[in-house]
Structures are given as structure tokens and as C-alpha cells.
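Line by line, the protein sequences give chains B and Z. Numbering (my numbering) for the first sequence: 73 to 814. Numbering (my numbering) for the second sequence: 850 to 1057. Written out below as C-alpha cells is the structure these notes cover.
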Amino acid sequence: MSTKLADSTNIIEAFGPHPAYSHGVWLDTGVEPDKVVKTHCCFCGQQCGIQLKVKDNQVIGFEPWYDFPFNQGKLCPKGIKRYLQGAHPDRLLHAYGRDATAASGFNAIPYEQAIDRVAAEINRIQSQYGPHAFAVLSGASLTTEKAYLMGKFAHACLKTSNIDYNGRLCMVSAGAGNKKAFGIDRAANPWSDILHAEVVWISGANVAECAPITTDYVWQARENGAKIIVVDPRITPIARTCDLFMPIKPGRDVALFNGILHLMIAHDWLDHDFIDRHTVGFAEVAAHVEEWTPQRTAEVTGIAEKLIHQAAEWWGTAKTSFLMHARGIEHHSHGVQNVLGAINMVLASGRLGRENCGYATITGQGNGQGGREHGQKCDQLPGGRDLGNPEHRAYVAKVWGMSPDELPPPGVDAYEIFRKIDAGEIRGLLSICFNPVVSLPDNNFIRRMLEKLEFFVAIDFFMNETSHYADIVLPGSLHEEDEGVVATAEGRVIKINKATEPPGEARQDWRIIQDIAQAIRRERGFAFNNSAEIFEELRQASAGGIVDYSGITYEKIERQYGVFWPCRSDDDPGTPRLFEPGAWNPIAQGKGPFYFPDGKARFNVARYTPPAEEVDREYPIMLTTGRVVSHYLSGAQTRRIGPLVDHYPEPRIEMHPLLASRLGIADGDWATVESRRGSCTLRVQVVKTIRPDTIFIPYHWAGRQSANQLTIAAQDPISKIPEYKVCAVRVKKAIQAPPEKE
Amino acid sequence: MPVPQRMEFFIDLGRCIGCQACVQACTECDTHKGQSMIQLDYLDRANSTQTVPVICMHCDSPTCAEVCPADAIKKTEDGVVQTARKPRCIACNNCVLACPFGVPKMNTPMNLMMKCDMCYDRTSVGLKPMCASVCPSQALFFGTREEIERLRPRSKPVNRFQFGGQIITTKVKMLAPKDTPADAVDITAAMYQPTIGQNILEEMLLEI
């Protein structure tokens, strides 16, 4: 950091977030659009089909896309109002350089000058401190082409080990658990398998707010006779009318899964044939869950024994079922254990790889699935290959026209990158599609680390709160300004189509990356003319890997309304449902449907450990965090869309009346929440829809409103996901609103 | 062109998740761009996440039209009760006060009562209304009787509502549990019924 940060009030005045509302052409009626572009929503892993109406290079509204099979026209409020992010007053139209003398802290500078500065700093830092001293942070809202290019940029151009992405905050526990159990990281089933399941089990997923369209699948399953089981510390909208609600204590999910498996074994609600033929490791798991009696499960989880019995009976005796989970069980220091516990329950039931028998994580980010497949994870290469595997390195190096020895060794996760800044090992950073100042836990630490960097360049279309710390900000592209593929929560590869051109000096992100590669004179392999060319190379780089895209083409995607990977040849229609009997994969080579040499799935002993920070006398209340329906992730986009801001203008502390009365707090009062890491003063909403020992704060806001001032940076030892879903806090009534300044 | 009679509007309040997609989509309707004709509220957020979207029920004998001194509110032959006609509306608010469902809204700057017209610009040309198109939970559903019977076997459509001594029959149907005995929903009586299940969490936790 070369100069002091400008006053945040001045930065916000210049760059927002300012909420935009419809005006002008957005309100004109009867406007004939120049074109209507079939594409997808820019928010969340469901990737609903939407048609954007375009007039004079501006998205002026939408029309439902009834033919797209996943959502059939349905959209949540975010998708409906997403067009307000275009032609936005906060849109970055130029490159910016930090300037302490400017009121806003930044001055617009010519794009080429900004690129030259970035190149000079990369060269300086890498020659002075070595290649790994420059790190890259990327994101899972980018198209897969861009995500692929970011991985290639770090590994093949910068030759740094240190790249990771914001999926580290999202789906990695599920990914790691799935790889340990199935050998592959993808939803096992398309959502259509939910519709005729006899039991739908939802653990730690606020479906109605975070994956709203999935709601209709769940309700439709119930119309068809399904029992809906929801496990959550809060009575979320989907929990309100479910058939069985289990109000679990945050961080105890694996205990519940072990307890259910214990009862399945006790009652012999097992598919012995499936367990014998298609799995290994059941005996060890069975021995491990012996101690998870209903009584112990109830004590640990805070769920009454009779509910546990009821859930086990419904789950155990069902003929078909679908188990879904999301961040609620994954955002833990033992998130992978939670996931493995859930998978054990599914494997023991044998209800997998068949129609109406399914299992999936509900991936959160727009390209949460595709963004974790092709090499922007710290230990990954395209095609779901491993950076630490010599054969995988050799294959990808060949596609990239380089020697495998030139590829760096695997790096570290996104949070560890900040610890390496602290240790002085990382001196420079490029960030795209990531807002760690809002989204990483214990974010006061993140701020200090950003200030410590010698050079920081951010690529974004708005000045997000992390960009405030940048030396150079490069103007990237909105979702509607580029084309490319993404993979949805179902594992369906779909196509984002371009509706408008980037305004001003803004340009497609892959062009910016290539401009940097050229400016540092390492342009080999970075001469793509369009996204389609990147996709062609991606197909080749993924061929033969687990995440095989080689048979996918843009044309096939359009024709089939998406292609489920793996898709291994031109005449392969793709694989909507994994693990079907007789399915072939490159690891098992026909020995079985799972992605291990023997073709069998793995039971894994799933161990319960308490959260990293248990409540105590000093910090007696559990804090859990999550999302609300009108905002997305760090809010960089949705906090700029007026109607979404009005829907949920500021974070509130959800608190049960029993706790509120003990603390002398009434609905609407201000309260200060303190953890060992920070404090946060917000208004309280007193509701009976949350456990009395737990409070909830949504995390989409920045500065003094940021819930991540409180959260703990404890991480899962395997997936490295942070423990957003539980830490210890204390709460006291506050007299007044905190001062406006950060 | 009239809205085809076979296309019907059904509301299933049990499905509503309060996401406000309907409210936002309503503002995209070409006849009243920028303004939502839908009111969506929590019934009692302190106790429940239950929300209720209010769209026009399109009454057979619309109270709003009956009380209009200027005869500004018209029902078209397909049963859709239209927004007040601008040349006639005197902005007296009678309709706003009289509608038992609380649907019409007074647009003060325009001196005009505005209300849901079932997206007449869309439904009259064979498209679904905006709200029912986008509704993620399909609490708002627009389709045929056959479709609803197939998709919602646990429900029966009800379109008679009792407000004190007044019984109102509507074009829009509400889905009630199939075993509901009454053929009219007694709205005013329901207002005094105790809510059920609001202590469910405490009761569950007490059992530990």
C-alpha cells in the first residue's frame, strides 16, 4: 500500500454503493427492444433462464423464458431487477489509480497506463521476491472460460502457486466430501429427481431465500406425496410448512447424521445389496455410529429424541428419496465431516444413481460448480485434475505448450493467502470477482493485510469495498457483456449470451488478463480472440479428466437446453444422473459407477467435533450467518439495485423473544454483538423463528454493518472452508445507532 | 382479445415464501411500469415467516365498481376488473376503502386509482401474468383447471369468501386443503381464530 486510504465516506460518495431505480427508458411503455437475448441470471447457482430485452446497448427489462426447463420462466426478485446493474451511476468506466490528493482517493487514468503499471509491479515483485510472492484471487461468478483462464494465468503465465478463489467460502466442503465418497464433485442428480422422491431431506439450506426456484421442486414433491424434512436452527420459509422440522444447534449436523444411521442399522433399514456391491467401508462406519444412540444424538444436537426417531423411520423406510444440503452444514471447521455424515446416510439407503433417488449440495454461487472445475483452485488443473499429480501436470502442460516442470506446485487456500501476506511471503495481489473485505471471516484482519501489500490490483465493474485498498482498479465486464458457459447446481453446463457491449474503457475480463500477460511479455497462450476460442482449449484441457467437457459445444448447449457433464464425445448427450448402474468413467474403467479404481463408493467415518469456538460465560450466545432473498454474496451488485435494497435495507439481528427479554432488548432496539474478534451494532428483530441460544445476522453488508467482523477464521482442515455458521458472541443493548463512518 | 376462459388464476398461500418476486415483477408490467399492484406482507413476523401476496381477486360483483360514484371501474367480458378509467376517475378513494381484499391503490400524483388488471397486456394475448410467471414457489399459478388438478391433488379451489354478511365470489381461486368442509372462506371469523403453531419451536426444545 503506497498511500493512505481515503476517507470511506468520500470513496462511497464517488463510487457508491448508490441504489439505482428504474427511470427513463426503463419506465417507458411499449418500447420495442432491438433484440431479446436468451441467457441466464447472474446470481446464484441455479442459473435460471431469462430473456433480456435490449435497446441501444442497454438492458431495458426482461421477459420470462418459459421454455428453459429448469425454471420455466420463474425468477426471484434478484433476477427480475438485475438489469438495474447496467447503465449504473457507479459503473467503472475507466481504470483508476490511487491518488492520495484526490478526494475520493482515486483518479481515472488511461487504461494502457494502468496495465503498464500492473505489469511493472508484477515484474518487480516477482523478480525481487520470487514468482510466488504475487498471488491471485478469483471468483466463482465468472464464466468457466474466465475461471479457466485465471487458473492458466496464475499457473502458466505468472507461474505462481498462490491462486485461489471465493468458492473456498462456499462449496469446498461439499466438493471435498463428494470426492472422498464418490471420487467426483458434482450434484449426483438433476433436480427433476426431487419431484417424485418419497422423502426430501434438507439440511442447512435456506432454500426459499438462497435457491428460491428449488422451492417449487420441493413443494411439488410434496404434492406427489413426499414427506419434507428440514434441519435448521431457524424456521426458514421452507421449514414453516415442512412435515418434520428439526431445530438443530449450529455445528452439530454430523451428530444427527450419525444418529440417523445408528437407527437405520438398529432397525435394519439398509440396502444390503447396494452396500455389498457398490460400497466399501461400511463396517467401520457402522462401528463408529454405535455410540450415537438417540439419547446422545439428542443431547448433542438439541433435537428431541422423538423427532430423531421419526426422521430415521421416514428416511429408513422410504423407497425413493432426495437429500440436499448447503452452506448450513458446510461452513464449519468440520464441514467435510458433516457432508460425509450426510453421504453415509444416503449410501446406506442405497438410494442413489436411480430415478427419483438423489443427493446434491445446492451450490451457491452463479458458477459455483463450473468455477471449481477447471483450475482456479489452489491445487487444481483443468478437467478437475490435480496440480500435485505428475500425470495430470504432464497432460495439461502439453495442452498449454510448456514443460510440466514449469508449472508451480500446489498453493494455499484463499484465507492462507492473507496469512502469507502477514508473513511477508506474498507482496502483490491481483483480485477479480472477489470482495474479501466483506466476505471473509474476521475481516478486520483482512483489511490490515490489504494495507500491508506492496501492490494490489483489482478487476471489477463496481468499486467494491476491497477495491478501496487497491493501487490500480481495472474496469471489467458485467455478466451481460460477455459470453461463455457456466455449470449450474445440477451440473448442467449452460451458455451465458452477450446482450450489451462494455461501456467506456471497460472490457471483458479475459481481455484484461491477456493485456496484462502481454505487458509482462509472457503472452504465450494468451492470444484468444473470443470466449469460444478459450472454450475450445478448455474442452481439450479437460478431455479424459473427471470433469470432461470435450463433447460439449456451444451449439449442443443451445440445442439441448444445456449439457450435463461429463460429456466425452460429439455424440454423447451428457450425463444428467451420475452413478447409474453400468455407467462408465475413466477411473473405474467399467468396474462400477463410482469414480474409484474399483468403481465403488466410500463410506467414511464422520467424526463429530464441537465448533472451534464453543460458548462460555464470557461469550454465551451462538452467532450464525447467512443470506436474505434480496441480496447476493457480498452485496457488491445487489446493494446497488434500489428495489432490492428497499426490500432488505440493512442487516438485522434475528433473536428469539426468550433471549431478547433476558437481555432487556425489544424489537427494533439497537444492540451490539461482540465476539473475540470484533463488534457490530445493528437493529434487533425479535422473532420466534430461531433457537433461543442462537442469533442470526445476514452477511451481505460492508463496514460497520459487516457480520464478518465477528465471525471466526477457523477452517476445516480438509476443505479450508471458514466456520461462518457458528461462533461465540455476547450481545448487549445499545443506546443509539453507531456513527455513520466506518 | 379477452383472456381465454380456460386460463385461471390460483393462489396457494401455503406455498408463499415472501420473496417478493411477484411484487418486483409486477413493476415490469407494461401497463403500469415502475409501480407494483401487489401488496405482500408478513402476517405476524414475530411469530412466523408466513407471508401473503394480495393480488386483485377479480370479483363477480366487484365492490370497488359498485361504490364508484363516477362509474370508472369496468369489468371486461372475460371477468377481469380493470384499473379505473383515467378520464372518469375522480380519485375519491371510495374503492380503496370499500374493497374487502384491500386491493385498489390511489396513485396520488396521477389522481388515479390503479389496481391489478391480471396483466391484461399479457393475458389477453395468451401469455401468463408477470407475477404467476416468476413466482418461485408457484404460490401464484396461472393455468388450466386440468393442470391445477394434476399438479395440486391435495387442494381444492375455493372462490367464495365471506366478510361478515357479505359473500363475494371471485374469478381468482384460492387453494384450500382438499378436506376443507366449508365452500366459502369466512375471512372475518378467521381474524379472531388463535394462530396455531407459533410456539412450536419452544415446545420442541422443551422436550429435550
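All residues carry an ideal CB built from backbone N, CA and C; glycine is no exception.
field: Chain-ordered chain B contacts of Z:L803 [CB-CB under 8 angstroms]
entry: The displayed coordinates of chain Z run from 850 to 1057. Any statement about residue 803 of chain Z would go beyond what the structure contains.
task: Mind reading off the beta-carbon distance from B:L546 to B:I568? Whole number of angstroms is fine, and I expect it under 8 angstroms.
output: Within the first sequence, numbered from 1, the residue matching residue 546 of chain B stands at position 474. Within the first sequence, numbered from 1, the residue matching residue 568 of chain B stands at position 496. 21 angstroms between Cβ atoms; not a contact.
message: Within 8 angstroms, do at least three Cβ pairs link the region 621-636 of chain B to the region 392-410 of chain B?
response: These segments do not touch.
query: So, helix, strand or coil for B:P789, using DSSP?
result: Against the first sequence, residue 789 of chain B aligns to sequence position 717. Residue state, collapsed to three classes: coil.
- prompt: Can you find at least 3 beta carbon pairs, one from the region 668-683 of chain B and one from the region 278-285 of chain B, that sit closer than 8 angstroms?
  reply: Contact between the region 668-683 of chain B and the region 278-285 of chain B is absent, because fewer than three Cβ pairs lie under 8 angstroms.
task: Quick one: using the 10 Å Cβ neighbour count with 16 as the cut-off for buried, is Z:D1028 buried or exposed?
output: Here residue 1028 of chain Z refers to the residue found at position 179 of the second sequence. By the Cβ-count criterion, Z:D1028 is exposed, with fewer than 16 other Cβ atoms from all chains shown falling within 10 Å of its own Cβ.
- prompt: So, is the C-beta of B:D288 closer than 8 angstroms to a C-beta in chain Z?
  reply: Here residue 288 of chain B refers to the residue found at position 216 of the first sequence. Among the CB atoms of chain Z, one or more fall inside 8 angstroms of the CB of B:D288.
query: When the Cα atoms are used, what is the spatial distance from B:E814 to B:G775?
result: To locate residue 814 of chain B, count along the first sequence from 1; it is residue 742. To locate residue 775 of chain B, count along the first sequence from 1; it is residue 703. At B:E814, the pLDDT of 47 sits below 50, so the modelled position is not reliable; the number obtained from the coordinates is stated separately. The straight-line gap separating the alpha-carbon atoms of B:E814 and B:G775 is approximately 5 angstroms.
Contact set for B:A50: own chain, Cβ-Cβ below 6 angstroms, skip 5 residues either direction: Outside the shown range of chain B, which is 73 to 814, sits residue 50 of chain B, and nothing can be said about it.
field: Residue-chain proximity (B:A228, chain Z), Cβ-Cβ < 8 angstroms
entry: As a first step, residue 228 of chain B is located in the first sequence; it is residue number 156 there, counting from the start. Among the CB atoms of chain Z, none fall inside 8 angstroms of the CB of B:A228.
Cβ neighbours of B:V190 in the same chain (closer than 6 angstroms, five flanking residues each side left out): Position 118 of the first sequence, counted from the first residue, corresponds to residue 190 of chain B. Annotation for B:V190: V529, I544 and I588 place their beta carbon closer than 6 angstroms to its own, counting only its chain and skipping 5 residues before and after.
Proximal chain Z residues relative to B:D739, where beta-carbon distance stays under 8 angstroms: To locate residue 739 of chain B, count along the first sequence from 1; it is residue 667. Near B:D739 (Cβ distances below 8 angstroms), the residues of chain Z are A895.
- prompt: Quick one: is B:H719 near chain Z, going by C-beta distance under 8 angstroms?
  reply: Taking the first residue of the first sequence as 1, we reach residue 719 of chain B at position 647. So, interface residue.
message: Just list the residues that DSSP pairs B:Q757 with in beta bridges.
response: Translated into the one-based positions of the first sequence, residue 757 of chain B becomes position 685. Its beta-bridge partners are B:E726.
- prompt: Helix, strand or coil for Z:P1006 per DSSP?
  reply: Counting from one through the second sequence, the residue named residue 1006 of chain Z turns up at place 157. In the structure shown, Z:P1006 sits in a strand (DSSP, three-state: E or B).
query: Between the region 1029-1056 of chain Z and chain B, which residues of the former have a C-beta closer than 8 angstroms to a C-beta of the latter?
result: Contacts with chain B (Cβ-Cβ distance below 8 angstroms) from the region 1029-1056 of chain Z involve Q1047, N1048, I1049, L1050, E1051, M1053, L1054 and E1056, listed in chain order.
message: If I follow the unbroken alpha helix (DSSP H) through Z:S982, where does it start and stop?
response: Working through the second sequence from its first residue, we reach residue 982 of chain Z at position 133. For Z:S982, the enclosing alpha helix (DSSP H) starts and ends at M979 to V983.
message: Taking 6 angstroms as the limit between beta carbons, can you name the residues of its chain near B:V208, skipping five residues before and five after?
response: Counted from its first residue, the first sequence places residue 208 of chain B at position 136. Answer for B:V208: A226, I235 and L502, listed in chain order.
message: Quick check on Z:F991: does DSSP put it in helix, strand or coil?
response: The residue you call residue 991 of chain Z lines up with position 142 of the second sequence. When DSSP states are grouped into helix, strand and coil, Z:F991 belongs to the strand group.
- prompt: When we look at the beta-carbon of B:G736 and count the other beta-carbons within 10 Å, is it buried (16 or more) or exposed?
  reply: Sequence index remark: in the first sequence, residue 736 of chain B carries index 664 (1-based). That one is exposed.
- prompt: Going by beta carbon distance, what residues of the same chain come within less than 6 angstroms of B:E377, once the five residues before and after it are set aside?
  reply: Position 305 of the first sequence, counted from the start, is the residue given in the question as residue 377 of chain B. Here the set comprises P366 and A370.
field: Residues, ordered as in the chain, of the region 979-1001 of chain Z that lie near chain B by beta-carbon distance below 7 angstroms
entry: So the list reads S982, V983, C984, P985, S986, Q987, L1000 and R1001, given in the order they occur along the chain.
query: Can the beta-carbon of B:P794 be found less than 8 angstroms from the beta-carbon of B:V700?
result: Position 722 of the first sequence, counting from 1, holds the residue named residue 794 of chain B. Position 628 of the first sequence, counting from 1, holds the residue named residue 700 of chain B. With contacts defined as CB atoms closer than 8 angstroms, B:P794 and B:V700 fail to qualify as a contacting pair.
field: Anticipated Cβ contact below 8 angstroms, Z:I904 with Z:A919, distance rounded
entry: Here residue 904 of chain Z is taken as the residue at index 55 of the second sequence, counted from 1. Here residue 919 of chain Z is taken as the residue at index 70 of the second sequence, counted from 1. With a Cβ gap of about 24 angstroms, Z:I904 and Z:A919 do not count as contacting.
message: According to DSSP, simplified to helix, strand and coil, what is Z:G1046?
response: Here residue 1046 of chain Z is taken as the residue at index 197 of the second sequence, counted from 1. Coil at Z:G1046, not helix or strand.
message: Is the separation between the beta-carbon of B:R444 and that of B:M243 shorter than 8 angstroms?
response: For the purposes of this step, residue 444 of chain B is taken as the residue at position 372 of the first sequence. For the purposes of this step, residue 243 of chain B is taken as the residue at position 171 of the first sequence. The Cβ atoms of B:R444 and B:M243 sit closer than 8 angstroms to each other.
6 angstroms Cβ shell around B:G556 - same chain, five flanking residues per side excluded: Stepping through the first sequence from its first residue, residue 556 of chain B is reached at position 484. Taken in chain order, the residues that qualify are T215, E217, I568 and S603.
field: Beta-bridge partners of B:Y431, as assigned by DSSP
entry: Position 359 of the first sequence, counted from the first residue, corresponds to residue 431 of chain B. Listed as beta-bridge partners of B:Y431 by DSSP are B:L395.
field: chain Z residues whose Cβ lies nearer than 8 angstroms to that of B:A383
entry: For this step, residue 383 of chain B is matched to residue 311 along the first sequence. Listed along chain Z is no residue with a C-beta nearer than 8 angstroms to that of B:A383; the closest approach is about 13 angstroms.
query: Is it buried or exposed for B:G455, if we count other Cβ within 10 angstroms and need 16 for buried?
result: Residue 455 of chain B sits at position 383 when you count from the first residue of the first sequence. B:G455 comes out buried.
message: Measuring straight from C-alpha to C-alpha, what distance separates Z:C868 and B:T313?
response: Counting from one through the second sequence, the residue named residue 868 of chain Z turns up at place 19. Counting from one through the first sequence, the residue named residue 313 of chain B turns up at place 241. In this structure, the straight-line span from the alpha carbon of Z:C868 to that of B:T313 is close to 16 angstroms.
Partners in chain Z for B:A280, counting only beta-carbon separations shorter than 9 angstroms: Within the first sequence, numbered from 1, the residue matching residue 280 of chain B stands at position 208. Under the 9 angstroms cutoff, chain Z gives I866, G867, C868, T898, P985 and S986.
message: So, under 8 angstroms CB-CB, B:T761 and B:I307 are touching, yes? Tell me the CB distance rounded to an integer number of Å.
response: Here the question's residue 761 of chain B lines up with position 689 in the first sequence. Here the question's residue 307 of chain B lines up with position 235 in the first sequence. The pair is a contact, with the Cβ atoms about 4 angstroms apart (cut-off 8 angstroms).
query: In chain order, what residues of the region 1000-1019 of chain Z put their CB closer than 7 angstroms to some CB of chain B?
result: If you check each beta-carbon in the region 1000-1019 of chain Z against every beta-carbon of chain B, the ones closer than 7 angstroms belong to L1000, R1001, P1002 and R1003.
- prompt: Is Z:F1012 closer than 8 angstroms to Z:P953 when the C-beta atoms are compared?
  reply: Mapped onto the second sequence, residue 953 of chain Z falls at position 104. Mapped onto the second sequence, residue 1012 of chain Z falls at position 163. Going by C-beta atoms, Z:P953 is not nearer than 8 angstroms to Z:F1012.
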